[in-house]
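Below is one structure, written out as structure tokens; the observations come after it.
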Amino acid sequence: MKKRTSSLILLASLFLAQIPVLAEGPTDTSSQEETSSSSTSTEESSSSSTSQDSSSSSSSESQPSSSAKEEETKPKSEVDSAPAEPLSPKEKEDAAGIKKEDDEKDQDGGNFTVSVNHTTQSFIKLIAEDARTIGKEYKLYASVMIAQAILESGSGNSGLAQAPNYNLFGIKGAYEGSSVSMDTKEDDGSGKLHTVKAAFRKYPNVRASLTDYAKLLRTELYRGAWIENAATYQAATKALTGRYATDIHYDKKLNALIEAYDLTQYDKDTDKTLLERYPDGDYPDYDGKDYPGVENYKETSARYAFNRMSQLGGKLETNFAETTNWADSASKQGYTVNQEPKIGTVVAFQPKQEKAGSQGQVAIVEKLYPSGAILISEYGKFSEKLVSYRVIDSQAAKTLHYITPKSSKN
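Numbering-wise, UniProt numbering puts 214 at position 214 of the sequence shown, and it's gapless, one number per residue.
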């Protein structure tokens, strides 16, 4: 009897060992799901082999169940598994506060309202200033960019949008070799969903995701959404419908978000300091010191330009006089002065040029973007005691004059 009992215990132990311990939660090798909230992209950009996982179709994101052979060909550092993500498309729209109006007159079912909520407001605060400057640089509506990020990520609640992935727009492919593999349910355009496995871009931070999105939208497929081709944000969202997403109401959902959260404010220049919002600047922060010779300048922007350039190791004369004469004075004294934007130069504005004051102004070129746009720092523009930053687009940048400082060692 004892021998038979021992055998039964052994068999029971072997059986129980096969049952997974669910209380421990998903592990690196377990199947995990994510649902995305926007409809899938119907076309790919001609210059990009990636597409978008859009917000009106649900997508299930999970760790790839690849064979041992496939695992050998994919370096572990390049392809990661996704975190668990319980959100359905409806839940993502709920997170953004989007609701369909119950209106008998609404025959096409395309009227939507938005209930403003704290989660979405916090998400907007996180990305808005980066969206503002990136939108200006790439000539895109920041309002549309933010609305898409809200809709595509469920106000940042999607596992794909959160750390360590930071993919706010569901863009597929790899970013600088990094991606995250997920199962995704995609809408075929008729409302039917099918599951496919896809790699989604994995970004180092939110700003990288926004910038990559902007580069994608500046491709030919989305030219209708460019500011120069879309007179209003409504025209831009209309151009994205059927291209970025198959959802026939995609533009109306974006428009509802833009109106409810007053996102058009980010299509305009800010009146606040952006000092802490440019961590990717090429120079250290302004030290606030007065350098010898600055006493010769009374005008605020001139004092700042002289001090900032002295801090960076550049030499400027103390007799350039009024800011409207800096370019002429510098040229006469042997400085290189031209209209070629260059980092580390003094940029001179004539009165009222690119929102300069009635007496003109000078500023410092802190960064030169690949597009030809420049990031400038200036003092006293919005407040007498604030250093502020703004982006000048590539076309406007070519109309300005730049003074190359001499080495302070000379």
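Cβ atoms here follow ideal geometry from the backbone N, Cα and C, with glycine treated the same way.
- By the Cβ rule, the region 248-256 counts as touching the region 232-239, because three or more pairs are nearer than 8 Å.
- The shortest C-alpha to C-alpha distance from residue 167 to any of 127, 137, 139 is the one to 127.
- By the 16-neighbour rule on beta-carbons within 10 angstroms, residue 351 is exposed.
- Here DSSP, grouped into helix, strand and coil, assigns residue 290 to coil.
- Between residue 264 and residue 143, the C-beta gap is smaller than 9 Å, which places the two residues in contact.
- Excluding the 5 residues flanking it on each side, residue 117 has same chain C-beta neighbours closer than 6 Å at 97, in chain order.
- For residue 375, the three-state secondary structure derived from DSSP is strand.
- Take the alpha-carbon of residue 287 and the one of residue 407: they are about 19 Å apart.
- Secondary structure at residue 321: coil, using DSSP grouped into helix, strand and coil.
- Nearest to residue 140 by alpha-carbon distance, out of 308, 362, 228, 296, is 228.
- Beta-bridge annotation (DSSP): residue 338 is paired with 402.
- A residue is called buried once 16 or more other Cβ atoms fall within 10 Å of its Cβ, and residue 290, having fewer, is exposed.
- If you draw a straight line from the Cα of residue 204 to the Cα of residue 165, it comes to about 7 Å.
- About 15 Å separates the Cβ atoms of residue 179 and residue 161, ruling out a contact at the 8 Å cut-off.
- Less than 9 Å separates the beta-carbon of residue 175 from that of residue 212.
- If the five residues before and after residue 331 are omitted, its C-beta is found closer than 7 Å to the C-beta atoms of 337, all from its own chain and listed in chain order.
- Straight-line measurement puts the Cα of residue 293 at about 51 Å from the Cα of residue 119.
- Counting only residues of its own chain and dropping the five nearest sequence neighbours on each side, residue 372 has a CB closer than 7 Å to the CB of 341, 394, 397.
- In the three-state reduction of the DSSP assignment, residue 201 falls in the strand class.
- Per DSSP, residue 240 is one residue of the alpha helix (DSSP H) stretching across 233-240.
- Across the structure, residue 317 and residue 361 are spaced so that their CA atoms are roughly 16 Å apart.
- Residue 157 and residue 208 do not touch by the CB rule: their CB atoms are close to 20 Å apart, not below 8 Å.
- Taking the CA atoms as reference points, residue 312 sits about 39 Å from residue 171.
- Within the DSSP bridge table, the entry for residue 314 names 407 as partners.
- Annotated three-state conformation of residue 353 is helix, per DSSP.
- With contacts defined as CB atoms closer than 9 Å, residue 302 and residue 326 qualify as a contacting pair.
- For the set 308, 324, 323, the Cα lying nearest the Cα of residue 376 is the one of 308.
- Contact annotation, residue 346 with residue 364: C-beta distance approximately 6 Å; criterion of less than 8 Å satisfied.
- Between residue 182 and residue 192, the C-beta gap is not smaller than 9 Å, which leaves the two residues out of contact.
- Annotation: residue 329 to residue 379 spans about 21 Å, alpha carbon to alpha carbon.
- The beta carbon of residue 358 sits closer than 8 Å to those of 351, 352, all from its chain and outside the five residues before and after it, given in chain order.
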